[in-house]
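Enquirer:
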Amino acid sequence: MSRIALLYRWAAPMTAAGIALALLVPASCMAATYPKASGVDGRLRYTSYHPDQVYNLQAAIGRALFIQFADGEEMEKFYTGDSDAWEVGKHANMIAIKPTAEIPDTNLIVSTSAGRVYTFDLSLNDRAPMYGIRFSYPEEQHQASETARAKRELSASLDPHAQTRKNFRYAGAGSRAVQPSEVFDNGTHTFMRFPENTIFPSVFAIGPDGGETLVNKTVRGNWLILPAVGREWRLRSGKAVMCVRNDAFAPSGIDNPGETTSRAIERAAR
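The sequence shown runs -31 to -1, 1 to 239 under mature numbering (1 follows the signal peptide of the UniProt record, and there is no 0).
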């Protein structure tokens, strides 16, 4: 068989079965989602938002259908394939649509103040029209929940009165002018309590070479909260200096030049 004949065989027409299969593949990729019916009234629907999903809405002549977005989210622009076949109005986080043509089948694209884009297929169904669809946002709700949880955990870790395991094995030497009334850590943060009306000192972590690393501290009442647990701290206010040593320090294994358990610090050569 010649090379030309071989090439021609590869280019031969498809069989009827092959053509049918080719036509079915794109059709299976174009399936729109029908929002789930409410357990109270099936004419009201619910669905979760996905930017790549097309939502199938079915309405009836003489009946309006609402689309409700997230609280505070408003429609900014809309585009439809047949602007004469549908009326579109909006109020707050809701839009209402109503078919006005006998054959109104088309699509609708909505952009909102939340930066989302919604895509709909609109069609007529006089026997079982939808009256409304409400969107939920599970991914964003999960992210918001995780953010709130992280904030709660951070707040708890910064609470000197929280019921957690605490290490009080600290010793100090130096000027009484910057001496804390109490020092302890909870494994992630170090807490230093000072007398009322005290001007808080700057706090430095001391590295193996004796270099000082300035610590970004948080103030809560008369407490200084350091975002780390260190082997040794140096407190400075003017000429007053005090060293505070952690006698129970256990390095976490983090490669940190200041020998603390956090990187939330700023190196300062002295």
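Cβ coordinates follow ideal geometry from the N, Cα and C atoms, glycine included.
Since the structure is predicted, the reported quantities are computational estimates derived from the model, not experimental observations.
With three or more C-beta pairs closer than 8 Å as the rule, is the stretch 174 to 187 touching the stretch 132 to 147?
Expert: No, the stretch 132 to 147 is not in contact with the stretch 174 to 187.
Enquirer: Give the C-beta separation of A28 and I66 to the nearest angstrom, bearing in mind that I take them to be a contact with Cβ-Cβ under 8 Å.
Expert: In the sequence shown, residue 28 corresponds to position 59, counting from 1. In the sequence shown, residue 66 corresponds to position 97, counting from 1. At roughly 7 Å, the Cβ-Cβ gap stays under 8 Å, so A28 and I66 are in contact.
Enquirer: What residue range is occupied by the uninterrupted beta strand (DSSP E) comprising D74?
Expert: The count along the sequence shown starts at 1 and reaches residue 74 at position 105. Counting along the chain, D74 falls outside any beta strand (DSSP E), and DSSP gives it neither H nor E.
Enquirer: Determine contact between the stretch 79 to 86 and the stretch 35 to 48, defined as no fewer than three beta-carbon pairs at a distance below 8 Å.
Expert: As far as the Cβ criterion goes, the stretch 79 to 86 touches the stretch 35 to 48, which means the pair count is three or higher.
Enquirer: In the DSSP assignment, find the unbroken beta strand (DSSP E) run with Q27 in it and report its ends.
Expert: Numbered from 1 along the sequence shown, position 58 holds the residue referred to as residue 27. V23 to A28 is the span of the beta strand (DSSP E), which, as asked, contains Q27.
Enquirer: Within 10 angstroms of the Cβ of H158, are there 16 or more other Cβ atoms? Answer buried if so, exposed if not.
Expert: Within the sequence shown, residue 158 is the residue found at index 189, counting from 1. It counts as buried.
Enquirer: For N94, which residues from the same chain have a beta carbon less than 6 Å from its beta carbon, with the 5 sequence-adjacent residues on both sides left out?
Expert: Along the sequence shown, one-based indexing puts residue 94 at 125. Once the five neighbours on either side are set aside, the close Cβ partners of N94 are Q27.
Enquirer: From R205 to T116, what does the alpha carbon distance come to, in whole angstroms?
Expert: In the sequence shown, counting from the first residue as 1, residue 205 sits at position 236. In the sequence shown, counting from the first residue as 1, residue 116 sits at position 147. Whole-angstrom Cα-Cα distance: 36 Å.
Enquirer: Where DSSP assigns a beta bridge to K59, which residues make up the other side?
Expert: Residue mapping note: residue 59 aligns to position 90 of the sequence shown, counting from 1. Its beta-bridge partners are I64.
Enquirer: Taking the straight line between their C-alpha atoms, what separation do you get for R32 and R103?
Expert: Your numbering for residue 32 matches position 63 in the sequence shown. Your numbering for residue 103 matches position 134 in the sequence shown. Straight-line Cα distance between these residues: approximately 17 Å.
Enquirer: Within the same chain, show all residues whose beta-carbon is closer than 8 Å to that of K59, passing over the 5 residues directly before and after it, in chain order.
Expert: Here residue 59 corresponds to residue number 90 of the sequence shown, with the count starting at 1. E43, M44 and A65, listed in sequence order.
Enquirer: Using three-state DSSP, classify R134 as helix, strand or coil.
Expert: Here residue 134 corresponds to residue number 165 of the sequence shown, with the count starting at 1. Residue state, collapsed to three classes: coil.
Enquirer: If you draw a straight line from the alpha carbon of P170 to that of Q37, how long is it in whole angstroms?
Expert: Taking the first residue of the sequence shown as position 1, residue 170 is located at position 201. Taking the first residue of the sequence shown as position 1, residue 37 is located at position 68. C-alpha separation (whole angstroms): 54 Å.
Enquirer: Reducing DSSP to helix, strand and coil, say where S82 ends up.
Expert: In the sequence shown, the residue the question calls residue 82 occupies position 113. Coil at S82, not helix or strand.
Enquirer: Over the uninterrupted beta strand (DSSP E) stretch that includes I175, give me the two end residues.
Expert: Numbered from its first residue, the sequence shown carries residue 175 at position 206. Run containing I175: S171 to I175, per the beta strand (DSSP E) assignment.
Enquirer: Quick one: what's S17 bridged to in DSSP?
Expert: Taking the first residue of the sequence shown as 1, we reach residue 17 at position 48. S105.
Enquirer: Do you know whose CA, among G11, R189 and Y24, lies nearest R96's CA?
Expert: By 1-based counting over the sequence shown, the position of residue 96 is 127. Nearest of G11, R189 and Y24 to R96, Cα basis: G11.
Enquirer: Hey, quick one: how far does the beta strand (DSSP E) through Q37 stretch, first residue to last?
Expert: The count along the sequence shown starts at 1 and reaches residue 37 at position 68. Looking at the DSSP string, the run of the beta strand (DSSP E) that includes Q37 is L34 to Q37.
Enquirer: I need the DSSP call for R236, collapsed to helix, strand or coil.
Expert: By one-based count along the sequence shown, residue 236 stands at place 267. Because R236 sits at a pLDDT of 36, beneath the cut-off of 50, its placement in the model cannot be relied upon, and the point is left open.
Enquirer: Can you say whether G199 is buried or exposed, counting buried as having 16 or more other CB atoms within 10 angstroms of its CB?
Expert: In the sequence shown, residue 199 corresponds to position 230, counting from 1. The residue is buried, with at least 16 neighbouring Cβ atoms inside 10 Å.
Enquirer: So for L(-11), helix, strand or coil by DSSP?
Expert: Locating residue -11 in the sequence shown gives position 21, where the first residue counts as 1. In this predicted model, L(-11) has a pLDDT of only 45, less than 50, meaning its place in the structure is not dependable enough to derive any value.
Enquirer: For the beta strand (DSSP E) containing Y100, list its first residue and its last residue.
Expert: As a working mapping, residue 100 is identified with position 131 in the sequence shown. Neither: Y100 is in no beta strand (DSSP E) and is coded neither H nor E.
Enquirer: If you follow the beta strand (DSSP E) that Y48 is part of, which residue opens it and which one closes it?
Expert: Translated into positions along the sequence shown, residue 48 becomes position 79. Taken as a continuous stretch (DSSP letters only), the beta strand (DSSP E) holding Y48 covers M44 to T49.
Enquirer: Could you pull the DSSP bridge partners for Y139 from this structure?
Expert: Numbered from its first residue, the sequence shown carries residue 139 at position 170. The partner list for Y139 (beta bridge, DSSP) reads N215.
Enquirer: How is D12 classed by DSSP in three states: helix, strand or coil?
Expert: By 1-based counting over the sequence shown, the position of residue 12 is 43. The displayed chain sequence assigns Arg, not Asp, to residue 12. Coil, per DSSP.
Enquirer: With distance defined between alpha-carbon atoms, name the residue in V9, F218 and G190 nearest to E201.
Expert: Counting from 1 along the sequence shown, the entry for residue 201 is found at position 232. Selected option, being the one with the closest Cα: F218.
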